[in-house]
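Mapped onto the UniProt record's numbering, the consecutive letters of the sequence shown carry residue numbers 1 to 97. Quick reminder that beta carbons are idealized off the backbone N, C-alpha and C, glycines included. Comments concern the structure below.
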Amino acid sequence: MKFTKTVGFFASLILFGLVAMPQTAHTDEDPDATALPIEDLRLFAEIFSMIKSDYVEPIDDATLLRDAVRGMLGGLDPHSSYLDPESFHEINIDTRG
């Protein structure tokens, strides 16, 4: 249980670090087009926290984050998807012949 809380703490810390991190990379693009959607990320963090504390069954941070990434990529188009390391390894074997 302590490990899960520690992982949750660090996952939250990373997420909030990304939200608070200023955009320091130089770009010629419109600054608004490259800015992080801070309010949306805060909403994500709030929902993440609510699921962790109130969901009917315990769920670990890695599963929540992996499924969030899958949903984000799956919503783009039928050809975009997240591959976990095992699936990535398998597809590399299949495509090499």
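Kindly list the residues whose CB is nearer than 7 Å to the CB of residue i, restricted to its own chain and excluding five residues on each side of it in sequence; keep chain order.
{"i": "Phe48", "result": "Leu64"}
Return helix, strand or coil for residue i, following the three-state DSSP convention.
{"i": "residue 99", "result": "The shown model of the chain, from 1 to 97, leaves out residue 99, and the question about it has no answer."}
{"i": "Leu43", "result": "helix"}
{"i": "Ser80", "result": "coil"}
{"i": "Asp60", "result": "coil"}
{"i": "Leu65", "result": "helix"}
{"i": "Leu35", "result": "According to the sequence displayed, residue 35 carries Ala and not Leu. Coil."}
What residue does the alpha helix (DSSP H) around residue i start on, and which one ends it?
{"i": "Pro85", "result": "Pro85 to Arg96"}
Return the chain-ordered list of same chain residues with a C-beta closer than 6 Å to the C-beta of residue i, the five sequence neighbours on each side being excluded.
{"i": "Arg66", "result": "none"}
Could you name the residues of the same chain whose beta carbon sits closer than 8 Å to that of residue i, not counting the 5 residues immediately before and after it, in chain order?
{"i": "Ser53", "result": "none"}
Practice task
Examine the Cβ distances between the segment 81 to 89 and the segment 54 to 72 and report whether three or more of them are shorter than 8 Å.
Solution key: yes
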